[in-house]
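Numbering (this note's numbering), first residue to last: -12 to 341.
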């Protein structure tokens, strides 16, 4: 009789809300992800840096998730990342949908971008693979004839980007305003298309992560076919790569004449934990998050993953991983805006070129 009362008490406890207490143990069971597929959403085309980060991480992450589920990459490019974030934020929150989210994905709702009805602060953050400090460089191809900063200021420069709101566009707009450059913007390219357009002479150059450019087009560095002009990085984060060809590029910060420009440049350089961050949709169970967080953390000791990172991602040596709390703190910091920076950032990054 005593056992019966204990059993009924346990049933009543579960019905009253005790399921929240036992769910973590249930979700941590080997069978939770057994035979399932996790969809990883990212707002970029195949072939770019974020795509390489996602695919490389997914390949090694699955072996640390109990049940070894398949991880399917779903690319949703275009629309300043908004379509991808909208789909992700409204996805089923049972632990089978996650996303690779970068800092630029978090901005649109704060600037009132049409359709950006999502809140990054509500995402259930899993962790991140560190990608290092922002070290993007404005470079032109040698054939364009811009050999110095003075050359760059002397006539119109044709720069390319994926679109308004993309990082390469925002960085270029800031650099152009600080240096008082005349820019002709050509938008709508994918990352691979930008390299081709520059080589064909359709564009003079672009802003790009220096390490990514070296990985994607090593011949440009070996043959010194590009001219690096200025880096969207704080002076303490230079040089942009360990390549001697690009080691002496100056920081745009030293040319900034207004506090607004300096504040925007500082803002860009607070995102080292947000270059390859992973999240579950709002409302996902914390117990599922913990499974995935532990899997991410185990990559920190996986030598095969770290070798693959160098070979397949190739942006710079493995930078370690961040746990969920560290990523969430970075998200809260990045999504806190002063009115002045918000207004300046919106004008430079989210208005079409004139």
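The beta carbon of each residue, even a glycine, is placed where N, CA and C say it ideally should be.
Just so we're clear, the structure is a prediction, and the values are computed from it rather than from any experiment.
Item checked: Paired residues, beta bridge with residue 181 - DSSP -> The residue you call residue 181 lines up with position 194 of the chain shown. DSSP, once it has assigned bridges, lists no residue as partnering residue 181.
Checklist line | Three-pair Cβ contact test at 8 Å for the segment 67 to 87 versus the segment 262 to 280 | finding: Here the segment 67 to 87 makes contact with the segment 262 to 280; the two share three or more CB pairs at distances below 8 Å.
Notebook entry, point to check: In terms of residues, what are the limits of the beta strand (DSSP E) holding residue 197?
Noted result: Mapped onto the chain shown, residue 197 falls at position 210. Membership of residue 197 in any beta strand (DSSP E) is not indicated; the residue belongs instead to the alpha helix (DSSP H) covering 197 to 203.
Checklist line | Three-state class that DSSP yields for residue 172 in the structure shown | finding: Here residue 172 refers to the residue found at position 185 when the chain shown is read from its first residue. Reduced to three states, the DSSP call for residue 172 is strand.
Check: Should the segment 319 to 338 be regarded as contacting the segment 254 to 262, the criterion being three or more beta carbon pairs within less than 8 Å?
Finding: For the pair of segments examined, the segment 319 to 338 was found to touch the segment 254 to 262: the number of CB pairs separated by less than 8 Å reaches three.
Check: Got a sec, what are the start and stop residues for the beta strand (DSSP E) residue 146 sits in?
Finding: If you number the chain shown from 1, residue 146 lands on position 159. Counting along the chain, residue 146 sits inside the beta strand (DSSP E) bounded by residues 144 to 148.
Note to self: At 4 residues or longer, what runs of the alpha helix (DSSP H) sit wholly inside the segment 249 to 309?
What the structure shows: You should have 273 to 285, 290 to 295.
Check: For residue 10, which residues from the same chain have a beta carbon less than 7 Å from its beta carbon, with the 5 sequence-adjacent residues on both sides left out?
Finding: Residue 10 sits at position 23 when you count from the first residue of the chain shown. Summary for residue 10: the model assigns pLDDT 44, below 50, so the residue's position carries little reliability, and this model does not support an answer.
Check: Grouping DSSP H, G and I as helix and E and B as strand, with all else coil, what is residue 58?
Finding: On the chain shown, position 71 is the one that residue 58 refers to. Strand at residue 58.
Check: Tell me the DSSP bridge mates of residue 215?
Finding: Along the chain shown, one-based indexing puts residue 215 at 228. Note: residue 215 is bridge-paired with 126 in the DSSP secondary-structure output.
Margin query: I'd like to confirm the pairing. Which residues does DSSP put opposite residue 192 in its beta bridges?
Written below: If you number the chain shown from 1, residue 192 lands on position 205. Per DSSP, 127, 146.
Check: What residue ranges within the segment 29 to 99 form continuous alpha helix (DSSP H) runs of no fewer than 4 residues, ordered along the chain?
Finding: Qualifying alpha helix (DSSP H) stretches, in chain order: 36 to 48, 69 to 76.
Notebook entry, point to check: Any idea if residue 99 is buried or exposed, counting beta-carbon neighbours within 10 angstroms, 16 or more meaning buried?
Noted result: By 1-based counting over the chain shown, the position of residue 99 is 112. Under this definition residue 99 is an exposed residue.
Checklist line | Same chain only: Cβ atoms within 6 Å of residue 52, ignoring 5 sequence neighbours per side | finding: Counting from 1 along the chain shown, the entry for residue 52 is found at position 65. Annotation for residue 52: 20, 282 place their beta carbon closer than 6 Å to its own, counting only its chain and skipping 5 residues before and after.
Item checked: residue 22 to residue 59 span [Cα, whole Å] -> Within the chain shown, numbered from 1, the residue matching residue 22 stands at position 35. Within the chain shown, numbered from 1, the residue matching residue 59 stands at position 72. C-alpha separation (whole angstroms): 13 Å.
Notebook entry, point to check: Is DSSP giving residue 152 helix, strand or coil here?
Noted result: As a working note, residue 152 is residue 165 in the chain shown. Looking at residue 152 - three-state DSSP - the assignment turns out to be coil, as it is neither helix nor strand.
Check: For residue 163, which three-state DSSP category applies?
Finding: The residue you call residue 163 lines up with position 176 of the chain shown. Reduced to three states, the DSSP call for residue 163 is helix.
Notebook entry, point to check: Just checking, does the segment 211 to 231 make contact with the segment 120 to 130 on the three C-beta pairs under 8 Å criterion?
Noted result: Yes: the two stretches touch, three or more of their Cβ pairs being nearer than 8 Å.
Margin query: Distance check for residue 292 and residue 44, CA to CA, integer angstroms please.
Written below: In the chain shown, the residue the question calls residue 44 occupies position 57. In the chain shown, the residue the question calls residue 292 occupies position 305. Roughly 8 Å between the two C-alpha positions.
Note to self: Contact between the segment 188 to 197 and the segment 140 to 156 is defined here as three or more beta-carbon pairs at a separation below 8 Å; is this criterion met?
What the structure shows: Result yes; three or more Cβ-Cβ pairs closer than 8 Å.
Notebook entry, point to check: What is the DSSP secondary structure of residue 234, counted as helix, strand or coil?
Noted result: Locating residue 234 in the chain shown gives position 247, counting from the first residue. Three-state result, residue 234: coil.
Next item on the list: Report the three-state DSSP secondary structure of residue 322 (helix, strand or coil).
Entry: Position 335 of the chain shown, counted from the start, is the residue given in the question as residue 322. Note: residue 322 maps to coil in three-state DSSP.
Note to self: Going by C-alpha to C-alpha distance, which of 47, 61, 224 sits closest to residue 34?
What the structure shows: If you number the chain shown from 1, residue 34 lands on position 47. When each option's Cα is compared against that of residue 34, the closest is 61.
Item checked: Beta-carbon proximity of residue 222 to residue 234, cut-off 8 Å -> For the purposes of this step, residue 222 is identified with residue 235 of the chain shown, where counting begins at 1. For the purposes of this step, residue 234 is identified with residue 247 of the chain shown, where counting begins at 1. Cβ atoms of residue 222 and residue 234: not closer than 8 Å.
Next item on the list: Pull up the CB-CB distance for residue 174 and residue 148, whole angstroms please, since I reckon it's below 8 Å.
Entry: Position 187 of the chain shown, counted from the start, is the residue given in the question as residue 174. Position 161 of the chain shown, counted from the start, is the residue given in the question as residue 148. About 6 Å separates the CB atoms of residue 174 and residue 148; that is less than 8 Å, so the two are in contact.
Check: Nearest to residue 115 by CA position, among 318, 310, 341, is which residue?
Finding: One-based indexing of the chain shown puts residue 115 at position 128. The residue with the shortest Cα to Cα distance from residue 115 is 310.
Check: Under the rule that 16 or more other beta-carbon atoms within 10 Å means buried, what is residue 134, buried or exposed?
Finding: Residue 134 sits at position 147 when you count from the first residue of the chain shown. Around the CB of residue 134, fewer than 16 other CB atoms lie within 10 Å, so the residue is classed as exposed.
Check: From residue 46 to residue 104, what does the alpha carbon distance come to, in whole angstroms?
Finding: As a first step, residue 46 is located in the chain shown; it is residue number 59 there, counting from the start. As a first step, residue 104 is located in the chain shown; it is residue number 117 there, counting from the start. Here the C-alpha atom of residue 46 lies approximately 31 Å from the C-alpha atom of residue 104.
Note to self: From the DSSP secondary-structure annotation, give me the bridge partner or partners of residue 24.
What the structure shows: Walking along the chain shown from the start, residue 24 turns up at place 37. Bridge partners of residue 24: 57.
Checklist line | Under 8 Å between C-beta atoms of residue 113 and residue 242 | finding: If you number the chain shown from 1, residue 113 lands on position 126. If you number the chain shown from 1, residue 242 lands on position 255. Not closer than 8 Å, so no.
Item checked: Cβ-based neighbour list, residue 228, same chain, cut-off 8 Å, excluding 5 preceding and 5 following -> Within the chain shown, numbered from 1, the residue matching residue 228 stands at position 241. Hits under 8 Å: 122, 197, 198, 201, 234, 303.
Check: What's the gap between the Cα of residue 161 and the Cα of residue 336?
Finding: Stepping through the chain shown from its first residue, residue 161 is reached at position 174. Stepping through the chain shown from its first residue, residue 336 is reached at position 349. Going by the C-alpha atoms only, they are around 8 Å apart.
Checklist line | Option in 341, 248, 118, 87 with minimal Cα separation from residue 110 | finding: The residue you call residue 110 lines up with position 123 of the chain shown. Checked all of 341, 248, 118, 87; the closest Cα to residue 110 is 87.
Item checked: Where residue 114 falls: helix, strand or coil (DSSP) -> Here residue 114 refers to the residue found at position 127 when the chain shown is read from its first residue. Residue 114: strand per DSSP, three-state reduction.
Next item on the list: Counting only the same chain and skipping the five closest in sequence on each side, list residues whose C-beta sits under 6 Å from that of residue 208.
Entry: Here residue 208 refers to the residue found at position 221 of the chain shown. Only 201, 230, 232 meet the Cβ criterion.
Notebook entry, point to check: Considering only C-alpha positions, which residue in the set 286, 263, 236, 172 is nearest to residue 338?
Noted result: The residue given as residue 338 occupies position 351 in the chain shown. With distances taken between Cα atoms, residue 338 lies closest to 172.
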